[in-house]
Amino acid sequence: MSHGHSMYPFKPSLFRAFVTNKYYENRDEYHSIGQEQPYTFEQYYRNNINDLRKSFKKHKKEVDKTYS
């Protein structure tokens, strides 16, 4: 029995982890210059979903190429 989801071109958990890491990278950038992160995780996700998807696809291609 397959548990694949045809609507997802990748595992949702991998994307979720990628987005979480990007959020904390962004938060750390704000903290490094003495500012507070102005967005909650949900706001960050909603405001940047298209860029996050593009970045994830690029990242996934690079990782796949490294391990193939």
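Per the working numbering, the sequence shown starts with residue -14, numbered consecutively.
Heads up, the beta-carbon is just placed ideally off N, CA and C, and yes, glycines get one too.
Mark residue i as exposed unless 16 or more other C-beta atoms lie within 10 angstroms of its C-beta, in which case mark it buried.
{"i": "Met(-14)", "result": "Residue placement at Met(-14) is poorly supported in this model, since its pLDDT is 42, which falls under 50; the coordinates are not used for a value here."}
So what's residue i in DSSP terms, helix, strand or just coil?
{"i": "Gln28", "result": "helix"}
{"i": "Glu47", "result": "helix"}
{"i": "Glu14", "result": "helix"}
{"i": "Pro23", "result": "coil"}
Please report how far the alpha carbon of residue i lies from the alpha carbon of residue j, in whole angstroms.
{"i": "Tyr9", "j": "Lys46", "result": "22 Å"}
{"i": "Phe0", "j": "Tyr15", "result": "23 Å"}
{"i": "Gln28", "j": "Asp49", "result": "30 Å"}
{"i": "Lys7", "j": "Lys39", "result": "13 Å"}
Residue i: which of the options sits nearest, CA to CA?
{"i": "Phe3", "options": "Tyr30, Lys50, Thr51", "result": "Tyr30"}
{"i": "Gln20", "options": "Arg12, Phe26, Glu27", "result": "Arg12"}
{"i": "Pro(-3)", "options": "Thr51, Lys50, Phe41, Val48", "result": "Phe41"}
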